[in-house]
Amino acid sequence: MDPIDFEPISASLQAELHAECLRSLRSSDPQRIFNAVQALRWFPGDDLLLEALSNLLQASTPVLRGLGLEGLGALEHTESTGAIIEHIERHRHDTVEAARAISVLGATGSETSIPFLERVIWDDSSFATEAKEHAIEALLALAAAGLEGARHLLETAHVSTDLDEALVVAARAALRELGQRDWDDKGFATIDATMEPSD
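Numbering-wise (numbering that gives the first Met the number 0), the sequence shown opens with residue 0 and increments by one.
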């Protein structure tokens, strides 16, 4: 068998893995939780795992909250975005915590996070500059995933006269990155050539 040709997981093994993921996410052992987060790709959109990961956002340590955020970013659940946004709102005055959670919004690939990211960037009083910069990065991730609303916000930000210069520069850099990815994805190549005048 080709080493990259994996056989599908059996129903019984999948049920065992799901149960172990739930037990691990409900524990307080960072290693067990980390291992469970790595297995979430087997259970996209699972409600029980969403609940367990959301509960981790209430943990007393940043490590466990960080694992909860990482898991929500990977779960591919339609309500993951809501749980992450609630977490950001609770920690908006903690620059590090808010910025980390905002970055995870980009990993969700969810269009529902775009209006919130817009508010983070343009709301002068609620969020620190670091959080706003992470919102630009999250928009880049969403735009790279093909969400035109995110690309539109980056295009608006890069010509804005209302935003801090640092955010305008960040949006400009994000658009350059998107442009480079577009060229790479479409297989375009540049050819260095010397143009000779015709006779």
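Virtual Cβ for every residue (Gly too), placed ideally from N, Cα, C.
Note down the Cα distance separating His151 from Thr160, rounded to an integer number of angstroms.
The count along the sequence shown starts at 1 and reaches residue 151 at position 152. The count along the sequence shown starts at 1 and reaches residue 160 at position 161. If you take the alpha carbons of His151 and Thr160, they lie about 16 Å apart.
Which word fits Arg64, buried or exposed, when buried means at least 16 other C-beta atoms lie within 10 angstroms of its C-beta?
Here residue 64 refers to the residue found at position 65 when the sequence shown is read from its first residue. Buried, since its Cβ has 16 or more Cβ neighbours within 10 Å.
With 16 as the cutoff for other CB atoms within 10 Å, does Ser197 come out buried or exposed?
Taking the first residue of the sequence shown as 1, we reach residue 197 at position 198. Because Ser197 sits at a pLDDT of 49, beneath the cut-off of 50, its placement in the model cannot be relied upon, and the following sentence gives the value as read from the coordinates. Label assigned to Ser197: exposed.
May I have the straight-line CA-CA distance separating Leu146 from Glu110, to the nearest angstrom?
To locate residue 146, count along the sequence shown from 1; it is residue 147. To locate residue 110, count along the sequence shown from 1; it is residue 111. Going by the C-alpha atoms only, they are around 7 Å apart.
Measuring CA to CA, which of Gly72, Ala106, Phe126 and Val167 is closest to Ala137?
Mapped onto the sequence shown, residue 137 falls at position 138. Here the closest residue by C-alpha is Ala106.
Assign Gly108 to one of three DSSP states: helix, strand, or coil.
Looking up residue 108 in the sequence shown gives position 109. Three-state DSSP puts Gly108 in coil, outside helix and strand.
Cβ pair Arg91, Ala97 closer than 8 Å
Translated into positions along the sequence shown, residue 91 becomes position 92. Translated into positions along the sequence shown, residue 97 becomes position 98. Yes.
Which term fits Thr60, buried or exposed, when burial requires 16 or more other beta carbons within 10 angstroms of its beta carbon?
Against the sequence shown, residue 60 aligns to sequence position 61. Exposed, because fewer than 16 other Cβ atoms sit within 10 Å of the Cβ of Thr60.
Proximity below 8 Å, CB of Gly67 to CB of Leu49:
By 1-based counting over the sequence shown, the position of residue 67 is 68. By 1-based counting over the sequence shown, the position of residue 49 is 50. Cβ distance not < 8 Å, so Gly67 and Leu49 don't count as in contact.
Going by Cα to Cα distance, which pick from Trp41, Pro29 and Gln30 is closest to Ala18?
Here the question's residue 18 lines up with position 19 in the sequence shown. It is Trp41.
Just the Cα atoms here: how many angstroms apart are Ser9 and Asp123?
Against the sequence shown, residue 9 aligns to sequence position 10. Against the sequence shown, residue 123 aligns to sequence position 124. Using only the alpha carbons, I get a separation of about 52 Å.
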